[in-house]
Amino acid sequence: MERKTIHSVTLDTDKCRGCVSCMRRCPTEAIRVRNKKAKVLYDRCIGCGECVRVCPHHAKIPAFDSFDMIHKYKYKVAIVAPSFYGQFKSQYDINLILNGLLAVGFDDVEEVAKAAELVSEATREWMKNTQDIKHPIINTACPTIVELILVRFHGLIDNLLPLQTPADVAIKLAYKKAKEKGYKDEEIGIFFISPCPAKVLALKNGIGIKSPLVTGVLSMAEVYYKVVTALSQIKEVKPLNKAGFLGVAWASSGGEALGVNKEKYLEASGIENVIAVLKEIENGKLENLDFVELNACTGGCVGGVLTVENPFVAKAKIREFGKKIPCIGSTNTIKNAGLTYKDFDWEVVPTINDVFKLDENRIKAMQKLEQIESIYAKLPHFDCGVCGAPSCKAFAEDVVIEGFSIDDCTRMDERTTE
Amino acid sequence: MSSNSVHLEFDVVGNNFVSAGSASNEVKGILKQLGIDPLVIRKIAVAMYEGEINMVIHAGGGRAIVDIFEDKIEIVLIDTGEGIEDVELAMKEGYSTASESIRNLGFGAGMGLPNMKRFSDKFELESEVGKGTTIKMSMLFPE
Numbered sequence: 001m002e003r004k005t006i007h008s009v010t011l012d013t014d015k016c017r018g019c020v021s022c023m024r025r026c027p028t029e030a031i032r033v034r035n036k037k038a039k040v041l042y043d044r045c046i047g048c049g050e051c052v053r054v055c056p057h058h059a060k061i062p063a064f065d066s067f068d069m070i071h072k073y074k075y076k077v078a079i080v081a082p083s084f085y086g087q088f089k090s091q092y093d094i095n096l097i098l099n100g101l102l103a104v105g106f107d108d109v110e111e112v113a114k115a116a117e118l119v120s121e122a123t124r125e126w127m128k129n130t131q132d133i134k135h136p137i138i139n140t141a142c143p144t145i146v147e148l149i150l151v152r153f154h155g156l157i158d159n160l161l162p163l164q165t166p167a168d169v170a171i172k173l174a175y176k177k178a179k180e181k182g183y184k185d186e187e188i189g190i191f192f193i194s195p196c197p198a199k200v201l202a203l204k205n206g207i208g209i210k211s212p213l214v215t216g217v218l219s220m221a222e223v224y225y226k227v228v229t230a231l232s233q234i235k236e237v238k239p240l241n242k243a244g245f246l247g248v249a250w251a252s253s254g255g256e257a258l259g260v261n262k263e264k265y266l267e268a269s270g271i272e273n274v275i276a277v278l279k280e281i282e283n284g285k286l287e288n289l290d291f292v293e294l295n296a297c298t299g300g301c302v303g304g305v306l307t308v309e310n311p312f313v314a315k316a317k318i319r320e321f322g323k324k325i326p327c328i329g330s331t332n333t334i335k336n337a338g339l340t341y342k343d344f345d346w347e348v349v350p351t352i353n354d355v356f357k358l359d360e361n362r363i364k365a366m367q368k369l370e371q372i373e374s375i376y377a378k379l380p381h382f383d384c385g386v387c388g389a390p391s392c393k394a395f396a397e398d399v400v401i402e403g404f405s406i407d408d409c410t411r412m413d414e415r416t417t418e
Numbered sequence: 419m420s421s422n423s424v425h426l427e428f429d430v431v432g433n434n435f436v437s438a439g440s441a442s443n444e445v446k447g448i449l450k451q452l453g454i455d456p457l458v459i460r461k462i463a464v465a466m467y468e469g470e471i472n473m474v475i476h477a478g479g480g481r482a483i484v485d486i487f488e489d490k491i492e493i494v495l496i497d498t499g500e501g502i503e504d505v506e507l508a509m510k511e512g513y514s515t516a517s518e519s520i521r522n523l524g525f526g527a528g529m530g531l532p533n534m535k536r537f538s539d540k541f542e543l544e545s546e547v548g549k550g551t552t553i554k555m556s557m558l559f560p561e
């Protein structure tokens, strides 16, 4: 299977100074500095956006489509993630924000929060009716979490909730509506307004779905600046908001778990915290829990690198918006949406990413491992990054696998013998 | 290359809950690099983690010696702690001599040794009161 045909970050080579900040932060050791430029090993990249966040020279560019792309389509739908609401002042209401999207050129909107309520319903049903359920079940709405497990936590694949995400469901509903209105496929433009580059990748490549229907994925920050300036020109506010607080709450960490309605759950956000929790699960320590909600960005989707507002401020604003809407959208059920529980199931199970495997042949893998260990023993164990690898261990691997010279370590003579 | 095995040794520091689990974590990473089945890795990791924690809680630390062969892993955990008085009782699920303060940290559920045995294909425990405990576990890699 062809994985990752597009990438979630690209490099502005003029701005990159090869400073190793991003390399040291990357949770999957997916960055090397070669010839004074940060190079991403894309088969290891999980799209978390940490490198974008940490780069002091703003050389890391998250991937998204240009807003102007929407004008190529006759019927343009904005798929609005609930984190979008958290960017605006809480004096506004969700209806006004959604009307703002019409004001900047969209013909219709579809709330991801509405779909989220349906996914919550499907999740509750799935957890009730699935035999021999794993403990704990791990959420799959954050694509970086799924990728992280596929790359680093293979033993937890069966713990993943095998249901489609609210964004995927919202896209499907928007497509269905467009077809019902009589538009041809080439006339329909479905655009997700994304808080992060991971969703750009996930929605285009599809996680758990066979044929992604999204046309483009836009930067939340870019759309926000357009909409916020258009709000004052809105004359007629149409009733577009169908989602209740339970759906909107998915914008921040803990929201998804709220909808699952299980007593024994845990929620964690921020890539380092998430990795710590996954290690606990791998060690068999959290089997008393039913559900674990993990989000790669601190605070949840409101913490994505394509957002403008501080995630904690955004979370507070989401709460304010929530006071103005019902708890659950009144007519918002799977049945009313014309769907069945089956429609939420994963169509394909994502495959393990074996990128850390040293060799297909186990004996050869063991020999390589021995070589790596013997190289590693000669290194200073500073993990300084000067050689262009994130740690002495990673450098030893690069020497054995990629054929780099051990002399690329310039601090070998500083090594103190143990 | 010397032989078809990988030999690793780790110091497990006693009473340090922060670093506890680092040896099993490293072994987990190595098994992943060797392409061992993820579910088998998980069993090995849980068993070794429990063993490490036991040494941290009860024995003031110890040493973990790991040998990885083409078809199996052998883990030897050696400590010079207080030893186990009644091995049969210690192997019972839910039995624990961990103190209240240890239990408050979320350890000491009495599942450590039973889990280690359950996840091993071969399990040997030798203990002498006042001298220490040695545990040998081996797990096969299914083809």
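Chains A and B supply the protein sequences, listed in that same order.
All the letters of the first sequence, read from the start, carry residue numbers 1 to 418 under the numbering used here.
All the letters of the second sequence, read from the start, carry residue numbers 419 to 561 under the numbering used here.
Even for Gly, the Cβ is constructed at its ideal location relative to N, Cα and C.
Looking only at DSSP bridge pairs, what is residue i linked to?
| i | result |
| --- | --- |
| E427 of chain B | B:I483 |
| N295 of chain A | A:S269 |
| T552 of chain B | B:I496, B:E544 |
| V104 of chain A | For V104 of chain A, which the question treats as bridged, DSSP gives no partner whatsoever. |
| F192 of chain A | A:I79, A:V217 |
| K60 of chain A | A:L11 |
| A38 of chain A | A:V33 |
| M412 of chain A | Bridge partners of M412 of chain A: none, in fact. |
| V109 of chain A | A:A78 |
Ignore the nearest five residues each way along the sequence and tell me which others in residue i's own chain have a CB closer than 8 Å to its CB.
| i | result |
| --- | --- |
| K262 of chain A | M127, D290, F291 |
| E282 of chain A | F153, G155, L156 |
| E117 of chain A | A243, G244, L246, G247, G259, I328, G329, N332 |
If I measure Cβ to Cβ from residue i and keep anything under 6 Å in the same chain, skipping five residues before and after, which residues do I get?
| i | result |
| --- | --- |
| V260 of chain A | T123, F291 |
| A314 of chain A | G86, V302 |
| K540 of chain B | S556 |
| E397 of chain A | I372 |
| G243 of chain A | A small fix is needed here, since residue 243 of chain A is Ala in this sequence, not Gly. Closer than 6 Å at Cβ, skipping near neighbours: E111, A113, K114, G329. |
| G460 of chain A | With chain A covering 1 to 418 only, the question about residue 460 of chain A has no answer from this structure. |
Measuring straight from C-alpha to C-alpha, what distance separates residue i and residue j?
| i | j | result |
| --- | --- | --- |
| I448 of chain B | S442 of chain B | 10 Å |
| V484 of chain B | Q451 of chain B | 16 Å |
| G479 of chain B | D497 of chain B | 7 Å |
| E125 of chain A | Y341 of chain A | 8 Å |
| V214 of chain A | E187 of chain A | 13 Å |
| I493 of chain B | P560 of chain B | 17 Å |
| C409 of chain A | L306 of chain A | 37 Å |
| M419 of chain B | F395 of chain A | Below a pLDDT of 50, predicted positions are generally treated as unreliable, and M419 of chain B, at 45, falls in that range; the measurement from the model is reported next regardless. About 20 Å. |
| K4 of chain A | E50 of chain A | Note on K4 of chain A: pLDDT 46, under 50, position unreliable in the model; the coordinate value appears next. In a straight line, the C-alpha of K4 of chain A is about 18 Å away from that of E50 of chain A. |
| A257 of chain A | I138 of chain A | 10 Å |
| G247 of chain A | S120 of chain A | 8 Å |
| K235 of chain A | Q131 of chain A | 53 Å |
| S252 of chain A | H425 of chain B | 46 Å |
| K323 of chain A | P456 of chain B | 45 Å |
| D489 of chain B | M529 of chain B | 27 Å |
Does the beta carbon of residue i sit closer than 8 Å to a beta carbon anywhere in chain B?
| i | result |
| --- | --- |
| A365 of chain A | yes |
| G329 of chain A | no |
| K335 of chain A | no |
| Y284 of chain A | The sequence given here places Gly at residue 284 of chain A; Tyr does not occur at that position. Output row for G284 of chain A: interface = yes. |
| L362 of chain A | A small correction: the amino acid at residue 362 of chain A is Arg; Leu does not occupy that position in the sequence shown. Output row for R362 of chain A: interface = yes. |
| K264 of chain A | no |
Drop a sphere of 10 angstroms on the beta-carbon of residue i, count the other beta-carbons inside from all chains shown, and report buried for 16 or more, exposed for fewer.
| i | result |
| --- | --- |
| D168 of chain A | buried |
| Q164 of chain A | buried |
| G548 of chain B | exposed |
| K285 of chain A | buried |
| G512 of chain B | exposed |
| D429 of chain B | exposed |
| R362 of chain A | buried |
| R460 of chain B | buried |
| K72 of chain A | exposed |
| M412 of chain A | exposed |
| L98 of chain A | buried |
| R536 of chain B | exposed |
| T229 of chain A | exposed |
| S219 of chain A | buried |
Check whether chain A comes within 8 Å of residue i, counting only Cβ atoms and requiring the distance to be less than that.
| i | result |
| --- | --- |
| L452 of chain B | yes |
| R521 of chain B | no |
| I448 of chain B | yes |
| M419 of chain B | Reliability of the predicted coordinates at M419 of chain B is poor, the pLDDT of 45 falling under 50, and no value is obtained from them. |
| P532 of chain B | no |
| I502 of chain B | no |
| R460 of chain B | yes |
| I486 of chain B | yes |
| A438 of chain B | no |
For residue i, which residues from the same chain have a beta carbon less than 7 Å from its beta carbon, with the 5 sequence-adjacent residues on both sides left out?
| i | result |
| --- | --- |
| M1 of chain A | Model confidence at M1 of chain A stands at a pLDDT of 32, short of 50, so the residue's coordinates are unreliable; what they give is reported in the following sentence. Excluding sequence neighbours, M1 of chain A sits near T351. |
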